[in-house]
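K.L.:
Below you will find the structure I want to go over with you.
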Amino acid sequence: MSNTDNSKTTSTTTENKLDDLVSQLRQTINKSDWLIHNTSAKWEQENPDLAKQWREAIKINQPNDSTEQ
């Protein structure tokens with residue numbers, strides 16, 4: 002096996018492990034009620050200054066033809 006083949010195998014193995022980890026995280030989130038209790042509205046209520054800064058940053062970076070608010 003050449004060095005290049007070994008590098009590709011290591012890269013593929015790492016990608017597979019990351020895919021598995023993301024899949025496991027997604028399943029855990031979907032099975033839990035964390036998202037029910039931790040909403041964006043709750044975050045804004047708990048972090049009003051940061052939420053204001055975040056909204057201002059979005060307005061600054063938003064294209065003129067955008068329909069999003």
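Position one of the sequence shown corresponds to residue 2 (the numbering used here), numbered consecutively onward. Idealized CB from N, CA, C, for every residue including glycine.
If you reduce the DSSP assignment to three classes, tell me which class residue 20 lands in.
P.N.:
Your numbering for residue 20 matches position 19 in the sequence shown. In this structure, residue 20 counts as helix in the three-state DSSP scheme.
K.L.:
So residue 36 and residue 30 are supposed to be a Cβ contact under 8 Å. How far apart are they, rounded?
P.N.:
Here residue 36 refers to the residue found at position 35 of the sequence shown. Here residue 30 refers to the residue found at position 29 of the sequence shown. Right, their Cβ atoms sit about 7 Å apart.
K.L.:
For the alpha helix (DSSP H) that residue 41 lies in, which residues bound it at each end?
P.N.:
Within the sequence shown, residue 41 is the residue found at index 40, counting from 1. Element bounds for residue 41: 41 to 47.
K.L.:
Suppose the cutoff is 7 Å on Cβ atoms and the five residues either side in sequence are ignored; what does the same chain contact list for residue 39 look like?
P.N.:
For the purposes of this step, residue 39 is taken as the residue at position 38 of the sequence shown. Cβ within range, chain order: n/a, list empty.
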